[in-house]
């Protein structure tokens, strides 16, 4: 057997990690206020927004990928905006992939956070208010620290889900080495090319990684006995 | 006691099972107990005062500070109201230790001297030795004492306590009560205290507001409200009055202390109380009997002269509650209606009240 990880494989792994890290960071920033709003609001928009956020969970990735591809394409609304701003077309680029990943993993970040905020109840914030903390201050000094287990879960799930995505990547990223070829699509490429040995190494690595993540989550859940989706 | 520091509460709030409709002016210091059955609107009232709930129509004013006035469109959010709030269940922040919990409000209240206020509160509540403990290692009583000190560190002008002892077992409740009594003695700020425990009412109240299904049934000084007979606040075996007196004499030979109050004096068990100490006496209606002449040959030696102010039905048709006025104080006796008829006791009659038992409650 030749050397286990080829140059291509290392590129794919590096790209995957970069994509997952960037996706996770963006998601935590976006999902935290969204989850807070969903956990607190009594607005009539709560149900539709909640459903919209959960949609990527049930939609086939190819459907999501298709719409994103159309939107980001030269004639799509998003594509027109990015072209007008001089950024060109985002489909088949890392940025396009990142946007797709963020949308695709949104429920994995929002739900643990929303559950954590809901489990906390209204009382801690009320206590903070009576101790002179204004809402934003109370959110950062009380709600967010108390929701820390939810935050950690959201980060881990977003990261690992991004590492594991395939359909959306294939649809909007293509499979361009060094730019949009991640581990999951690399495996697909190997299998198509009948390179089973390389596919084995990468697939095995993914298996171990995913198992490790779930094991860590489960151990964390035992320790803190807090909310998980 | 300037009228300017009074707390005015006027609000209307519709709830599913009752409508809160109150108009109160409360004195500027001492503990005002909000008393009433659950679902009478006590907590809603307190939340409205704190600004945690916003009634449709309200006026809440502390002295010259207007916290809410819907006729002028004024509503100050809770974090801009200078108050402390102690919740029913332990409300310490679990991600902070005791010291950090205490510092939370302190750091956010801009008033100078807050650090001194915290030091005083720590001493007053005896929690100095708990500073570096984790919340999980505190007992329920200790947690509530920390929560009270945390609220006091912000130097509030009003302290709101929503059944602070309700979540504690009997032993813990008795551990915290003396600290609350100490607060009443030390702090010059008004406190609104919710409870449905007659013991807490008797031990802590300077003033009482009785709420029932959102309406004020009675409001006034603790002695007056508790001795009202047409609609006794506390019914059954616990029915009784509160007397505020001072220790004036001690009899070392018989281990007794004499407590004088406006309208008379009583000998009570001496529990090493210094002369001049203010004490509260609780006299249950069932421990008071009436005679027309002063009996010298009775084993009951506490006798108070007064006149019958009113007579009201008791819970059982054989009995009546008789309110006897003595000075500014009042006693309530539970007697049978047959006895009333035999002695020809009517309103205005002069009687001697014989007190078989009296409890000193702090």
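Residue numbers (my numbering), protein chains in the order written: chain X, 10 to 238; chain W, 181 to 542. For each residue, glycine too, the CB sits at the ideal point set by N, CA and C.
Item: Are any of the Cβ atoms in chain W nearer than 9 Å to that of residue 141(X)?; Value: yes
Item: So what does DSSP say about residue 187(X), is it helix, strand or coil?; Value: coil
Item: Give me, in chain order, the residues of the same chain whose beta-carbon lies closer than 8 Å to that of residue 469(W); leave out the 5 immediate sequence neighbours on both sides.; Value: 480, 513, 515, 533, 534, 536
Item: Between the C-alpha atoms of residue 462(W) and residue 266(W), what's the straight-line distance to the nearest angstrom?; Value: 27 Å
Item: Excluding the 5 residues preceding and the 5 following residue 217(W) in the sequence, name in chain order all residues of the same chain whose CB lies nearer than 8 Å to its CB.; Value: 376, 392
Item: Which bits of chain X does residue 391(W) rub up against, with CB to CB less than 7 Å?; Value: Under the 7 Å cutoff, chain X gives no residues; its nearest Cβ is about 21 Å from residue 391(W).
Item: Report buried or exposed for residue 236(X), applying the criterion of at least 16 other Cβ atoms within 10 angstroms of its Cβ.; Value: Caution is warranted here: a pLDDT of 41 is assigned to residue 236(X), below 50, making its placement in the model unreliable, and the coordinate value is therefore given only provisionally. Residue 236(X) is buried by the Cβ-count criterion.
Item: Would you check if the segment 22-32 of chain X and the segment 99-119 of chain X touch, i.e. whether three or more CB-CB distances between them fall below 8 Å?; Value: yes
Item: As a quick exercise: from 371(W), 397(W), 336(W), 337(W), pick the residue whose alpha carbon is nearest that of residue 344(W).; Value: 371(W)
Item: What is the residue span of the alpha helix (DSSP H) that residue 210(W) lies within?; Value: Here residue 210(W) belongs to no alpha helix (DSSP H); instead the beta strand (DSSP E) covers 210-215.
Item: Leaving aside the five residues before and after residue 333(W) along the sequence, list all residues of the same chain whose C-beta is less than 7 Å from its C-beta, in chain order.; Value: 282, 285, 286, 294, 297, 298, 301
Item: Give the interface partners of residue 204(X) over in chain W, defined as CB-CB distance under 7 Å, in chain order.; Value: Per Cβ cutoff of 7 Å: no residues; residue 204(X) is ~51 Å from chain W at best.
Item: Is there a C-beta anywhere in chain W that falls below 9 Å from the one on residue 111(X)?; Value: no
Item: Along the beta strand (DSSP E) that carries residue 524(W), what are the first and last residues, could you check?; Value: Here residue 524(W) belongs to no beta strand (DSSP E), and DSSP marks it neither H nor E.
Item: Along the chain, which unbroken stretches of the alpha helix (DSSP H) at least 4 residues long are found entirely within the segment 458-523 of chain W?; Value: 517-522
Item: Can you tell me whether residue 269(W) sits near the ligand FAD, meaning its C-beta is under 8 Å from at least one heavy atom of the ligand?; Value: Ligands in the displayed structure: none, and consequently the ligand FAD is not present.
Item: Mind checking which residues open and close the alpha helix (DSSP H) that includes residue 222(W)?; Value: 222-230
Item: Give the secondary structure of residue 286(W) by DSSP, where H, G and I count as helix, E and B as strand, and everything else as coil.; Value: helix
Item: Count the other CB atoms within 10 Å of the CB of residue 449(W); is the residue buried (16 or more) or exposed (fewer)?; Value: exposed
Item: Please determine, among 437(W), 335(W), 491(W), 189(W), the residue with the shortest C-alpha to C-alpha distance to residue 410(W).; Value: 491(W)
Item: In chain order, which continuous runs of the beta strand (DSSP E) of length 3 or greater are located wholly inside the segment 333-371 of chain W?; Value: 338-342
Item: Using C-beta distances below 6 Å, list every residue in its chain close to residue 186(W), excluding the 5 sequence neighbours before and after it, in chain order.; Value: 205, 208
Item: Looking at chain W, is there any beta carbon in it that lies within less than 9 Å of the beta carbon of residue 138(X)?; Value: yes
Item: Under 9 Å, do residue 428(W) and residue 402(W) count as touching if we go by C-beta distance?; Value: no
Item: Determine the direct distance from the alpha carbon of residue 21(X) to that of residue 279(W), and round the result to whole angstroms.; Value: 50 Å
Item: Determine which residues share a DSSP beta bridge with residue 230(X) and list them.; Value: None, per the DSSP bridge assignment.
Item: When DSSP builds the beta bridges, which residues end up paired with residue 171(W)?; Value: Because chain W in this structure spans residues 181 to 542, residue 171(W) falls outside the shown range and cannot be described.
Item: Beta carbon of residue 316(W), beta carbon of residue 274(W): below 9 Å?; Value: yes
Item: Looking at the C-beta of residue 275(W), does it have a partner C-beta in chain X at a distance below 9 Å?; Value: yes
Item: List the DSSP bridge partners of residue 192(W).; Value: 201(W), 237(W)
Item: List, in order along the chain, the chain W residues whose C-beta lies closer than 9 Å to that of residue 246(X)?; Value: Because chain X is modelled from 10 through 238, residue 246(X) falls outside the range shown and cannot be assessed.
Item: With a CB to CB cut of under 8 Å and the five nearest residues on each side skipped, what residues in its chain are close to residue 181(W)?; Value: Interpretation of residue 181(W) is limited by its pLDDT of 44, a score under 50 that renders its predicted location unreliable; no figure is taken from the coordinates.
Item: Could you tell me the alpha carbon to alpha carbon distance between residue 272(W) and residue 331(W), rounded to whole angstroms?; Value: 11 Å
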